[in-house]
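Chemist: Protein chains in written order, with full-length UniProt numbering: chain Y, 1 to 84; chain A, 1 to 84.
2 protein chains.
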Amino acid sequence: MDFITILGLAAATITTISFLPQMFKTWQTKSAKDVSIVTLVTFITGIFLWLIYGIYLQSLPIILANAVTLLFNLIILWLKIKYR
Amino acid sequence: MDFITILGLAAATITTISFLPQMFKTWQTKSAKDVSIVTLVTFITGIFLWLIYGIYLQSLPIILANAVTLLFNLIILWLKIKYR
Numbered sequence: 001m002d003f004i005t006i007l008g009l010a011a012a013t014i015t016t017i018s019f020l021p022q023m024f025k026t027w028q029t030k031s032a033k034d035v036s037i038v039t040l041v042t043f044i045t046g047i048f049l050w051l052i053y054g055i056y057l058q059s060l061p062i063i064l065a066n067a068v069t070l071l072f073n074l075i076i077l078w079l080k081i082k083y084r
Numbered sequence: 001m002d003f004i005t006i007l008g009l010a011a012a013t014i015t016t017i018s019f020l021p022q023m024f025k026t027w028q029t030k031s032a033k034d035v036s037i038v039t040l041v042t043f044i045t046g047i048f049l050w051l052i053y054g055i056y057l058q059s060l061p062i063i064l065a066n067a068v069t070l071l072f073n074l075i076i077l078w079l080k081i082k083y084r
C-alpha cells in the first residue's frame with residue numbers, strides 16, 4: 001500500500017472513531033443541551049450523501065467510513081432527543 | 001458537471017457548513033460542557049490528515065472542504081476551552 005492510501009485510510013479511520021467519545025459522554029452524562037441539533041441533522045444529511053457517493057463510486061473505504069460515521073451520529077442524535 | 005461530481009460537491013458543502021450552527025450556539029450560550037473535547041481533538045486531527053491527503057492528491061474540493069471544516073472546528077475547540 002502506498003503512502004497516500006495509508007494517509008487516506010488513517011484520515012478516514014480517525015474522523016470516524018472521533019464520534020465515539022461524544023457518544024459515550026452523552027450516554028454517561030445524559031445531557032446534550034450544548035450539542036447543536038441543527039449541526040447534527042445537517043452533518044447526518046451530508047454524511048448520507050457521502051455514503052450514496054461512495055456507493056456510486058463503488059469505493060469500499062468511502063462506504064465503510066461514512067456508514068459507521070452515520071451510525072455513530074444517528075445514535076448521538078437519538079441520545080440528544082432522548083435526554084433533552 | 002456529471003451527477004456524481006455534483007453529489008460529491010453537495011456532500012462536501014453540507015458536511016462543511018454543518019459545523020456553523022454548533023459554532024454560533026457555543027458562541028451565544030457561552031457553554032460547551034456537553035461537547036466532548038476528545039471528539040473535537042480527534043476529529044480535528046483526522047480532518048488535518050484529510051487536508052494533507054487533499055494536498056498530496058492536488059484535489060481542490062478535498063483541500064477546500066477540509067480547510068474550512070478544520071477552521072470551524074478549531075474555533076469550536078477554542079470556544080470550548082474559553083467557556084469551560
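Cβ atoms here follow ideal geometry from the backbone N, Cα and C, with glycine treated the same way.
Considering only their Cβ atoms, is the gap separating Y/V41 from Y/L77 smaller than 9 Å?
Modeler: Yes.
Chemist: Please classify Y/Y56 as buried or exposed, where buried requires at least 16 other C-beta atoms within 10 Å of its C-beta.
Modeler: Counting Cβ neighbours within 10 Å, Y/Y56 comes out exposed, since fewer than 16 surround it.
Chemist: Along the alpha helix (DSSP H) that carries A/Y56, what are the first and last residues, could you check?
Modeler: Element bounds for A/Y56: 37 to 57.
Chemist: At least one CB of chain Y closer than 9 Å to the CB of A/P61: is that the case?
Modeler: Chain Y contact via Cβ: absent.
Chemist: Assuming Y/T13 and Y/T69 form a contact by the criterion Cβ under 8 Å, report the distance between their Cβ atoms to the nearest whole angstrom.
Modeler: 11 Å between Cβ atoms; not a contact.
Chemist: Here's the rule I'm using: 16 or more other beta-carbon atoms within 10 Å means buried, otherwise exposed. How should residue 124 of chain A be labelled?
Modeler: A query on residue 124 of chain A cannot be resolved here, the shown segment of chain A reaching from 1 to 84 and no further.
Chemist: Checking contacts by CB at 9 Å: is A/I17 closer than that to chain Y?
Modeler: Closer than 9 Å to some Cβ of chain Y, the Cβ of A/I17 qualifies, so yes.
Chemist: Ends of the alpha helix (DSSP H) at Y/M1?
Modeler: No alpha helix (DSSP H) holds Y/M1; DSSP gives it neither H nor E.
Chemist: When the Cβ atoms of the stretch 22 to 38 of chain Y are set against those of the stretch 22 to 39 of chain A, are three or more pairs found closer than 8 Å?
Modeler: At 8 Å Cβ cutoff, the stretches touch.
Chemist: For Y/V38, return the contacting residues in chain A, with the cut-off set at a CB-CB distance below 7 Å.
Modeler: Going along chain A in sequence order, the residues near Y/V38 (Cβ under 7 Å) are P21.
Chemist: Could you tell me the alpha carbon to alpha carbon distance between A/L51 and A/S59, rounded to whole angstroms?
Modeler: Answer to the nearest angstrom: the Cα atoms are 10 Å apart.
Chemist: Y/K30 lies in the alpha helix (DSSP H); which residues open and close that run?
Modeler: Segment: none, Y/K30 is in no alpha helix (DSSP H) and carries neither H nor E.
Chemist: Given that Y/D34 touches chain A, what residues does it touch there, using C-beta distances under 8 Å?
Modeler: By Cβ distance, chain A contributes K25, T26, T29, S31, A32, K33, D34, V35.
Chemist: Below 8 Å on C-beta distance, what does Y/W78 contact in chain A?
Modeler: Within chain A, no residue comes near Y/W78; the closest Cβ sits about 15 Å away, beyond 8 Å.
Chemist: Thinking just about the alpha-carbon of each residue, which of Y/L49, Y/T45, Y/K30, Y/G46 is nearest to the one in Y/K80?
Modeler: The shortest C-alpha separation from Y/K80 is found at Y/K30.
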